[in-house]
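Numbering (the working numbering), first residue to last: 14 to 901.
So, in structure tokens, the structure goes:
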């Protein structure tokens, strides 16, 4: 129970039921705090213990100085943890490993149990193998179960072995949409000594797009699996109180503009404004004009502009959505009463104190796409053709080539640069939004009525984030039209957006690779990073669902949709974008007539059941897991092997070598890809040695429970460019354990460096580690022997993950880079000052780089930002820290 030194605890009666709340008005200054900081303030009030959370810390947050740089550390205790299977399976592997490790240290294995509710949605494992046929859903699910049987059996064991852990089985929906539509409580209730305590629903998730739930007013964000595990085990999240950007909205979206267009505009604005590590909070008169689905779309894209959260306060729009999605009426009344009692209800006339301010008139938003490799690279739709044509020469050595292709069914065509080879309605971002999904269905209907089909080289797919989407498509009569134009249902999961695109049409793939074609993918997703969508596709564009259908019909990115026809009918009639695009009134009419609360209550009534296929899986038993030494999916992680009860002190590092020298915007996809495993890669060769056939390689994401695969897959992205090995692309470096440093795979070089006891360094540029909250990007880095990363700047989650795995993140001073210092990566590095971390966090560490007897000396900034992070680093990682505390 909280110390409650502010006397903040009081009763709240709701519809005849009594709840206890911690009233933030008891803290001076709280009334003008931003919504998101009010939630953090309540969190501190409720968990005050006099040691980790003190009255002085609470007072300081109440009197938050909006203009100051972050310096005030708090311990945030999320109400729950949300996971998906790519990032969640390693979490459960770690917990299972911890149970054995704590026994080795003399502790109780059953102490390793989630203390907060932890929910996993299996949504990242379905791959689009079959498409464009009515039975694609069942075929893809069958393949998914066959490939992932070991993983799913392991998760079913976890369901029974761990308390407070629930699994939403495959084929249900995408984690963030399931969170939005069902799992989110908005106001949480917990019984404590027979009393019901009400408090804000907060969460951390093992996926960067956990922020989608910000649209409901739930403060939550993505963390690495490492941090999520610690949170599950009762460890608070250590953080600095961030700066908060107030984003004022006014006006309404004009006719023909979608939520996707809005989010791409805001992504561009906020990335330019530089909001990494900050909270973004939407407010103003325009908030009430933003439907909940659009709010969720904006919250979802928070990682794409770099903010920790992008949140909307609770208002009537929130309550209406909760009713629509079948939430309990008493719960809705509690949410309204609680948020009003706490001053958390949105008041458009009240402006909180913010650190920075931005504003957007919604009426100025115009149609757009983004690409070809970053979500923030917004392009006006009217300029898409010109942009594409300007970029083609940098993506192919054959800019004007056309390749004749004949498919197995006899159809022939010429394939050119810009050909849309993937058109996917996919991802949590947009498939949660009925307005853009209905718009896509209406475009398909108009195309069907005109007899139009996608071009024969396009791989089309429809992967909704919720089964409810299928229900309203069926009720509206749109499913048949989508199917007719190639968009058959392929699965309920994160498919193309995560790289589970599956193989392209074989003859198309051959033509692309034989002639180095720069073909394109168009998807309604949130991520279009290099090498992510398909190994065959170099240029990837984000677009709204209706535009995905349009581009599938056009078959090329080399088209001006404002002036050129999308397609020509069999009768010779030219069909333009305006002929296919639905009006806002058409969309609204179908949304209003086709969606009901009953759909949600029926679909989510047995959300944890999974059906016969799930329940028939053989499930191991026991408090500890019986590891299979021959498994290629699930293996015991070696990070706790030989761990002592107390950590050894840190020492300075000498004679380190550079494993990679990288440029700007290196993403966690570059560091730890999620997609296909190449047969000739170290991971592919290892799987072949284990007797796995190429067709069963599956993806890196699906094999995250096996460190042997993941170590070999670290820095294995086919588009990675390591400046230490110029002229190469992919997982290559130079190995200086051999004379003259020949080019080698990164994994093989790391093995040789480990044998020589040589510590390793990675040199990076700006925005190092942007993208997904991928714990294997840090785990793999550590397991390869990297001790230090020096970058110009970091994305929030990856910096935290590096510390969580015992890797030291250092940062070049402003205006300084590896290039400005003349570093080639061929130097040896000495680091002086690391030993100081045993006592305190030094502001800088001195580095000496030596090559051919010449030295370059410089200081770097230590990016251990809080005392809590220092403790994690000194213990060799956050899990080691938690394990030692449990065992002690």
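Every residue, glycine too, gets a C-beta built ideally from N, C-alpha and C.
Note on geometry: alpha-carbon atoms of residue 456 and residue 157 lie some 31 angstroms from one another. Under the three-state reduction of DSSP, residue 360 is assigned to coil, being neither helix nor strand.
A direct Cα-to-Cα measurement between residue 268 and residue 225 gives close to 25 angstroms. In its chain, beyond the 5 residues on either side, 649 have a beta carbon closer than 6 angstroms to the beta carbon of residue 640. Going by DSSP, residue 368 is part of no alpha helix (DSSP H) at all; its letter is neither H nor E. Fully enclosed alpha helix (DSSP H) runs of no fewer than 4 residues occupy 68–75 and 98–117 of the stretch 62–134, in order along the chain. Across the structure, residue 213 and residue 869 are spaced so that their CA atoms are roughly 52 angstroms apart. In this structure, the beta-carbon distance from residue 555 to residue 695 does not fall below 8 angstroms. Straight across, the Cα-Cα distance linking residue 847 with residue 765 is about 25 angstroms. As DSSP reads the structure, residue 415 sits in a beta bridge with 429. If you ignore the 5 residues before and after residue 599, its C-beta comes within less than 7 angstroms of the C-beta of 455, all in its own chain and listed in chain order. Taking 8 angstroms as the upper bound for CB-CB distance, residue 338 and residue 610 are in contact here, some 7 angstroms apart. Taking every protein chain shown into account, the CB of residue 425 has fewer than 16 other CB atoms within 10 angstroms, so this residue is exposed. For residue 460, there is no enclosing beta strand (DSSP E); the enclosing alpha helix (DSSP H) has its first and last residue at 447–462.
Put simply, the backbone Cα of residue 841 is about 19 angstroms away from that of residue 874. Residue pairing for residue 674: DSSP places it in a beta bridge opposite 776.
For residue 208, the enclosing beta strand (DSSP E) stretches over residues 208–213. With at least 16 other beta carbons inside 10 angstroms of its own, residue 161 counts as buried.
Under DSSP, no beta-bridge partner is assigned to residue 242. Judged by beta-carbon spacing, residue 188 lies beyond the 8 angstroms limit of residue 276, meaning their Cβ atoms are not closer than that value. The count of Cβ pairs closer than 8 angstroms, one atom from the stretch 478–493 and one from the stretch 428–436, stays below three, leaving the stretches out of contact. Between the C-alpha atoms of residue 333 and residue 324 there is a straight-line separation of about 17 angstroms. Secondary structure note for residue 870: its beta strand (DSSP E) is the uninterrupted segment 867–875. With contacts defined by Cβ atoms closer than 8 angstroms, residue 680 and residue 534 do not form a contacting pair.
By the Cβ rule, the stretch 531–550 counts as touching the stretch 438–455, because three or more pairs are nearer than 8 angstroms.
Its chain contains 578 and 579 as the residues whose beta carbon lies nearer than 7 angstroms to that of residue 589, once the 5 sequence neighbours on both sides are disregarded; these appear in chain order. Closest in C-alpha terms to residue 463, from the list 497, 448, 60 and 729, comes 497. The three-state reading of DSSP puts residue 890 in coil, since its state is none of H, G, I, E or B. Here residue 843 carries a strand assignment [DSSP, helix/strand/coil]. In this structure, residue 73 places its C-beta atom within 8 angstroms of the C-beta atom of residue 85.
Bounds of the beta strand (DSSP E) holding residue 757 are 756–758. When the beta-carbon positions are compared, residue 410 and residue 529 come within less than 8 angstroms of each other.
When the five nearest sequence neighbours on each side are left out, the beta carbons in the same chain lying within less than 7 angstroms of the beta carbon of residue 735 are those of 673, 674, 675, 741, 745 and 746, in order along the chain.
Look at the beta carbons and you see the stretch 169–185 touching the stretch 613–628: at least three pairs across the two are nearer than 8 angstroms. Judged by beta-carbon spacing, residue 682 lies within the 8 angstroms limit of residue 544, meaning their Cβ atoms are closer than that value. The shortest C-alpha to C-alpha distance from residue 558 to any of 612, 475, 665 and 635 is the one to 475.
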